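Peer 1: Listed in order, the protein sequences are those of chains Y and P.
Going from the first sequence to our numbering is simple: count from 1 and add 10.
Going from the second sequence to our numbering is simple: count from 1 and add 10.
Using N, Cα and C, we set each Cβ at its ideal position, and we do this for glycine too.
None of these values were measured; they are calculated from a predicted model.
Number of protein chains: 2
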Amino acid sequence: MTARSRGTSAGLDRGRIAAAAVALVDRDGLERFGVRRLADELGVDPMSIYHHVKGKAALLDAVSETVLGEVAVDDADPGTDSRRDWQDVARRTAHAYRDMAYRHPRVFPLLVTRAQTSPVAVSALEALVAAMRRDGLPDRVVADAPMVLFGFLNGHLLARTVEGQVPVPAFDADAHPTMAALAPRWEDFGTAAELDRLLDAVLAGLAHQAGPTARGAA
Amino acid sequence: MTARSRGTSAGLDRGRIAAAAVALVDRDGLERFGVRRLADELGVDPMSIYHHVKGKAALLDAVSETVLGEVAVDDADPGTDSRRDWQDVARRTAHAYRDMAYRHPRVFPLLVTRAQTSPVAVSALEALVAAMRRDGLPDRVVADAPMVLFGFLNGHLLARTVEGQVPVPAFDADAHPTMAALAPRWEDFGTAAELDRLLDAVLAGLAHQAGPTARGAA
DNA sequence: GCGGGAAACCTACGGTGTAGGTCATTCGTG
DNA sequence: CACGAATGACCTACACCGTAGGTTTCCCGC
Numbered sequence: 011m012t013a014r015s016r017g018t019s020a021g022l023d024r025g026r027i028a029a030a031a032v033a034l035v036d037r038d039g040l041e042r043f044g045v046r047r048l049a050d051e052l053g054v055d056p057m058s059i060y061h062h063v064k065g066k067a068a069l070l071d072a073v074s075e076t077v078l079g080e081v082a083v084d085d086a087d088p089g090t091d092s093r094r095d096w097q098d099v100a101r102r103t104a105h106a107y108r109d110m111a112y113r114h115p116r117v118f119p120l121l122v123t124r125a126q127t128s129p130v131a132v133s134a135l136e137a138l139v140a141a142m143r144r145d146g147l148p149d150r151v152v153a154d155a156p157m158v159l160f161g162f163l164n165g166h167l168l169a170r171t172v173e174g175q176v177p178v179p180a181f182d183a184d185a186h187p188t189m190a191a192l193a194p195r196w197e198d199f200g201t202a203a204e205l206d207r208l209l210d211a212v213l214a215g216l217a218h219q220a221g222p223t224a225r226g227a228a
Numbered sequence: 011m012t013a014r015s016r017g018t019s020a021g022l023d024r025g026r027i028a029a030a031a032v033a034l035v036d037r038d039g040l041e042r043f044g045v046r047r048l049a050d051e052l053g054v055d056p057m058s059i060y061h062h063v064k065g066k067a068a069l070l071d072a073v074s075e076t077v078l079g080e081v082a083v084d085d086a087d088p089g090t091d092s093r094r095d096w097q098d099v100a101r102r103t104a105h106a107y108r109d110m111a112y113r114h115p116r117v118f119p120l121l122v123t124r125a126q127t128s129p130v131a132v133s134a135l136e137a138l139v140a141a142m143r144r145d146g147l148p149d150r151v152v153a154d155a156p157m158v159l160f161g162f163l164n165g166h167l168l169a170r171t172v173e174g175q176v177p178v179p180a181f182d183a184d185a186h187p188t189m190a191a192l193a194p195r196w197e198d199f200g201t202a203a204e205l206d207r208l209l210d211a212v213l214a215g216l217a218h219q220a221g222p223t224a225r226g227a228a
């Protein structure tokens with residue numbers, strides 16, 4: 011099992027490289043990720059990677075893009091007679107996004123830390139926006155909804171994804187009895203039930219802004 | 011102006027180091043930040059820094075801690091007869107937090123990417139929680155409020171803080187006419203008015219969860 | 001058979017974080 | 001005042017990093 015000779019193909023391409031990079035970040039974390047380690051993982055010379063990806067930044071873009079591409083919102087029509095509520099669409103989108111975040115907790119901080127230009131993200135937004143318009147919500151609220159929803163989701167999931175994160179900074183229970191009394195309620199930190207509950211509050215806020223006339227407003 | 015001789019003090023301490031580090035990140039960004047560059051800035055040997063800070067990670071902790079310490083919520087009692095509404099407290103907290111983020115846009119991603127244990131954060135939480143209880147909101151909502159509020163704020167401010175970020179990934183206006191129609195409403199991206207409007211929605215959601223009886227619920 | 005491009009490898013450079021050691025000054029103690 | 005220890009700075013060196021530039025080999029169409 012000698013090293014590959016110089017001209018033979020190693021079967022590299024952007025897809026294989028990106029997949030290996032995702033796996034490497036999943037395993038070792040962003041901190042330890044690097045071109046040379048990735049090359050080792052692929053059994054390849056570091057510089058070979060540069061024939062398919064411009065550099066480390068582009069590599070991280072590819073990782074981000076790959077993982078974001080995994081988000082698949084189950085948006086199938088339940089039937090011809092009834093289309094989905096906008097809140098239903100919002101919740102399904104949120105769940106798909108959360109599942110991705112928990113599948114790749116060490117990639118997620120990367121995702122929210124770089125500008126996104128993925129078409130996948132656009133079509134998820136499109137579906138949400140379309141559902142809201144269908145339900146008669148005013149444009150003002152429709153335009154704000156993605157900002158509120160993904161603002162919340164990104165911040166929330168980031169906090170649950172960063173290593174060693176805790177619900178609330180350690181505090182002196184004697185000095186802050188009020189907060190100490192609340193502590194038991196923070197025990198579901200990071201669970202599905204927690205996200206659903208907080209999501210209820212966020213969606214209720216948007217519904218409130220829409221006024222009582224729109225479908226699914228209250 | 012020759013180099014300092016070996017035993018003389020350079021006046022280093024954790025505070026001065028942290029302040030210089032914040033200034034350096036503000037100027038050059040996180041990417042370019044490093045121990046050696048910081049040492050240059052301080053006119054000091056790189057290894058001298060290690061006598062006051064354990065390493066680069068601890069240095070970034072200090073930066074994060076320093077900047078978070080700048081958050082000062084104007085929480086003064088307006089008078090003995092009337093105390094502040096919980097929504098008022100929440101808005102003031104959000105504004106103080108946002109001001110910090112916009113003062114140090116290149117530090118903010120660092121802040122949300124590492125576990126926080128700052129006492130400043132605790133006292134801000136404490137004030138919010140206290141106001142909500144004063145107004146008679148149920149514990150269930152009081153416990154969720156910081157999660158929703160800071161979840162949203164962190165995600166929102168991160169998106170507005172990451173370099174080169176845009177409101178929505180570039181999309182084909184012809185393929186997505188629905189979203190193209192919404193684009194004008196996203197023109198206030200990053201302004202104070204935008205945050206206030208989105209904040210209204212978030213707080214309305216929490217108020218809704220509290221039910222109609224609580225003060226400031228609707 | 002042969003020329004050219006593609007895909008891999010190799011070398012080398014300037015940069016990084018930091019472990020370990022050295023040395024002048026300062027301070028507490030007698 | 002003398003002196004040993006602690007302090008806080010500096011210096012050296014190492015392993016690693018991203019990547020510019022050059023070299024080698026293979027494959028494919030003519």
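Identify, in the order they occur along the chain, each residue of the same chain with its Cβ nearer than 7 angstroms to the Cβ of P/A169, setting aside the five sequence neighbours on each side.
Peer 2: Around P/A169: Q175.
Peer 1: Using a Cβ cut-off of 9 angstroms (strictly closer), state whether P/P222 contacts chain Y.
Peer 2: Not an interface residue.
Peer 1: Rounded to whole angstroms, how far is the Cβ of Y/Q126 from the Cβ of P/P115, which I believe are closer than 8 angstroms?
Peer 2: Wrong, their Cβ atoms sit about 18 angstroms apart, outside the cutoff.
Peer 1: Mind checking if P/P177 is an interface residue toward chain Y, Cβ cutoff 9 angstroms exclusive?
Peer 2: P/P177 counts as touching chain Y.
Peer 1: Please give the ranges of any beta strand (DSSP E) in the segment 149-199 of chain Y, keeping only runs that are unbroken, at least 3 residues long and fully inside the region.
Peer 2: The segment 149-199 of chain Y contains no whole beta strand (DSSP E) run of 3 or more residues.
Peer 1: For P/A82, which residues from the same chain have a beta carbon less than 8 angstroms from its beta carbon, with the 5 sequence-adjacent residues on both sides left out?
Peer 2: Cβ within range, chain order: A106.
Peer 1: Excluding the 5 residues flanking P/V77 on each side, which residues of the same chain have their C-beta closer than 7 angstroms to its C-beta?
Peer 2: If we look at P/V77 and ignore the five residues flanking it on each side, its Cβ neighbours are V32, M110, H114, V117 and L121.
Peer 1: What residues from chain Y crowd round P/D206, counting only those whose CB sits closer than 9 angstroms?
Peer 2: Neighbours of P/D206 on chain Y: none; closest Cβ ~11 angstroms, over 9 angstroms.
Peer 1: With a threshold of 16 other CB atoms inside 10 Å of the CB of Y/T188, please say whether the residue is buried or exposed.
Peer 2: It is exposed - the Cβ of Y/T188 has fewer than 16 other Cβ atoms within 10 Å.
Peer 1: So Y/E51 packs on Y/L34, CB below 8 angstroms; how close in whole Å?
Peer 2: Indeed, because the Cβ distance is near 6 angstroms, the residues count as touching under 8 angstroms.
Peer 1: Assess contact between the segment 137-148 of chain Y and the segment 188-208 of chain Y, defined as three or more Cβ pairs (one per stretch) separated by less than 8 angstroms. Is contact present?
Peer 2: No: fewer than three Cβ pairs fall under 8 angstroms.
Peer 1: Tell me which same chain residues have a C-beta within less than 6 angstroms of the C-beta of Y/R16, skipping the five on either side of it?
Peer 2: Same-chain partners within the cutoff: there are none.
Peer 1: Is it right to say Y/S74 is buried, meaning 16 or more other beta carbons lie within 10 angstroms of its own, or is it exposed?
Peer 2: Buried, by the Cβ-count rule.
Peer 1: Of all the residues that make up the segment 117-146 of chain P, which are near chain Y by a beta-carbon distance shorter than 8 angstroms?
Peer 2: Within the segment 117-146 of chain P, the qualifying residues are P119, V122, T123, R124, A125, Q126, T127, S128, P129, A131, V132, L135, E136, V139, A140 and R143.
Peer 1: Report all residues from its chain with a CB closer than 6 angstroms to the CB of P/A28; omit the five preceding and five following residues, and keep chain order.
Peer 2: Counting only Cβ-Cβ distances below 6 angstroms, and skipping sequence neighbours, we find A72 and T76.
Peer 1: Could you check the C-alpha separation between P/F162 and Y/A211 for me, to the nearest Å?
Peer 2: The alpha-carbon atoms of P/F162 and Y/A211 are separated by roughly 12 angstroms.
Peer 1: Whole angstroms are fine: how far does the CA of Y/T18 sit from the CA of Y/T12?
Peer 2: Any answer about Y/T12 is weak, because its pLDDT of 44 lies below 50 and its placement is not dependable; what the coordinates show is given next. One C-alpha to the other measures close to 13 angstroms.
Peer 1: Could you spell out where the alpha helix (DSSP H) holding P/T123 opens and where it closes?
Peer 2: Element bounds for P/T123: F118 to T123.
Peer 1: Leaving aside the five residues before and after P/L135 along the sequence, list all residues of the same chain whose C-beta is less than 7 angstroms from its C-beta, in chain order.
Peer 2: Within the same chain, P/L135 has close Cβ partners P156.
Peer 1: Within 10 Å of its beta-carbon, does Y/A131 have 16 or more other beta-carbons around it, so buried, or fewer, so exposed?
Peer 2: Buried, since its Cβ has 16 or more Cβ neighbours within 10 Å.
Peer 1: Does chain P have any CB closer than 9 angstroms to the CB of Y/L69?
Peer 2: With 9 angstroms as the cut-off, Y/L69 does not count as an interface residue toward chain P.
Peer 1: Count the other C-beta atoms from every protein chain shown that fall within 10 angstroms of the C-beta of P/P194, then say buried if there are 16 or more, exposed otherwise.
Peer 2: Exposed, by the Cβ-count rule.
Peer 1: Check each candidate in P/D55, P/D38 and P/T103 and name the one with the smallest Cα separation from P/L209.
Peer 2: Checking every option, the nearest Cα to that of P/L209 belongs to P/T103.
Peer 1: Please report whether the beta-carbon of Y/M110 lies at a distance below 9 angstroms from any beta-carbon of chain P.
Peer 2: So no, Y/M110 is outside the interface.
Peer 1: Would you tell me roughly how many angstroms separate the C-alpha atoms of Y/L213 and Y/D206, rounded to the nearest one?
Peer 2: Approximately 10 angstroms, taken between the alpha carbons.
Peer 1: Does any residue of chain Y bring its CB to less than 9 angstroms from the CB of P/F43?
Peer 2: Output row for P/F43: interface = no.
Peer 1: Alpha carbon to alpha carbon, how far is P/V45 from P/R94?
Peer 2: The straight-line gap from Cα to Cα measures roughly 45 angstroms.
Peer 1: Whole angstroms are fine: how far does the CA of Y/A86 sit from the CA of Y/L48?
Peer 2: Cα to Cα, the separation comes out at about 38 angstroms.
Peer 1: In the DSSP assignment, find the alpha helix (DSSP H) that holds Y/D36 and state where it starts and stops.
Peer 2: Run containing Y/D36: R24 to D38, per the alpha helix (DSSP H) assignment.
Peer 1: Y/G215 and P/G215 look like a contact to me (Cβ under 8 angstroms); what is the Cβ gap, rounded to whole Å?
Peer 2: The Cβ separation is near 3 angstroms, so the contact holds.
Peer 1: So that I know if they touch, is there some Cβ in chain P lying closer than 9 angstroms to that of Y/D95?
Peer 2: No - not a single Cβ of chain P is within 9 angstroms of the one on Y/D95.
Peer 1: Apart from the five residues just before and just after Y/H62, which ones in its own chain have a Cβ nearer than 7 angstroms to its Cβ?
Peer 2: These residues qualify, in order along the chain: L22, D23, R24 and I27.
Peer 1: Along the segment 180-212 of chain Y, where does the CB come closer than 8 angstroms to a CB of chain P? Name the residues.
Peer 2: Taking 8 angstroms as the Cβ-Cβ cut-off against chain P, the residues of the segment 180-212 of chain Y that qualify are A180, F181, H186, T188, M189, A191, L192, R195, W196, E204, R207, L208, D210, A211 and V212.
Peer 1: If you check the beta carbons only, do Y/F160 and P/G165 fall under 9 angstroms apart?
Peer 2: In this structure, P/G165 lies closer than 9 angstroms to Y/F160 by Cβ.
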